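**Student:** Let me give you the structure first, and then I'll get to my questions.
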């Protein structure tokens, strides 16, 4: 699940900022902290994580109460493979901004990736339930992906259905339901969810391969070949196309 766009959206772009680092208090300190926050985000976007950490730490020193600096630093630490500092910064961000649903969603992604699915799902549900959060379907879908990855298919389906209740055409939730029902060997339902997905989103190598699998299981050789032909034509260098060309014995 993508979290970078939502994180960047929480960081205000600065039209003009003081460049004088010698003013550590009051409005000037806050302005300097936001400037360093924006510089940290810019470095992170470019993958220059060491410089991002430097700027974000400086921002926190200038204004320790700026939750965005802590949450962005947490994200950077996670990208650097430092889960301990990342979790510490996420928790500081939440202490400073307990109503920030964006941080709850991003922290949930981090926790799920680091072996804490139950806590992760709680944060996703809290983010989805925040009336000010603009993309609750994404948080519900994240909860479902986390549950599915950790083997709880019943919970995953509940979360995906919550996402589709909020946004019936949310592509990622439709794709996930297609995969989930395939995993449950309910190939007719998987076909139906995949069709709903293709009605609202462009196919990917993964969804085209899912179509091949479903139609083979349902005995529709023509439909399976149609999916296969599209996969080989549109994504010839994909792993799925390679597997299709060289099936396992």
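Residue numbers (the numbering used here): 430 to 678. Note that the Cβ used here is the ideal one computed from N, Cα and C, for glycine as well. What you are looking at is a predicted structure, and each value in this text was computed from that prediction instead of being measured.
1) Indicate whether residue 549 and residue 540 have their beta-carbon atoms separated by less than 9 Å.
2) Mind checking which residues open and close the alpha helix (DSSP H) that includes residue 469?
3) When we look at the beta-carbon of residue 484 and count the other beta-carbons within 10 Å, is it buried (16 or more) or exposed?
4) Rounded to the nearest angstrom, how far is the Cβ of residue 494 from that of residue 525, given a contact under 8 Å?
5) Three or more beta-carbon pairs under 8 Å between the region 559-566 and the region 575-586, yes or no?
6) So what does DSSP say about residue 477, is it helix, strand or coil?
7) So for residue 664, helix, strand or coil by DSSP?
8) In whole angstroms, what separates the C-alpha of residue 544 from that of residue 476?
9) Between which two residues does the alpha helix (DSSP H) holding residue 613 run?
10) Taking the continuous alpha helix (DSSP H) assigned at residue 634, which residues delimit it?
11) Compute the Euclidean distance between the alpha carbons of residue 626 and residue 598, then round it to the nearest angstrom.
12) Within its chain, find whatever has a CB closer than 7 Å to the CB of residue 517; leave out the 5 residues flanking it on each side and keep chain order.
13) Where residue 474 and residue 648 are concerned, what is the direct C-alpha to C-alpha distance, given to the nearest angstrom?
14) Between the alpha carbons of residue 606 and residue 479, how many angstroms are there, rounded?
15) If I measure Cβ to Cβ from residue 561 and keep anything under 7 Å in the same chain, skipping five residues before and after, which residues do I get?
16) Quick check: the Cα distance between residue 534 and residue 551, rounded to an integer number of angstroms?
17) Which residue wins for smallest C-alpha separation from residue 466, given the options 486, 553, 638?
18) Please tell me whether residue 470 and residue 481 are closer than 9 Å, where the distance is taken between their beta carbons.
19) Residue 670 to residue 650, Cα distance in whole Å?
**Tutor:** With the structure as the only source:
1) yes
2) 455-474
3) buried
4) 6 Å
5) no
6) coil
7) coil
8) 25 Å
9) From DSSP, residue 613 is part of no alpha helix (DSSP H); its letter is neither H nor E.
10) 634-647
11) 8 Å
12) none
13) 46 Å
14) 39 Å
15) 530
16) 10 Å
17) 486
18) yes
19) 17 Å
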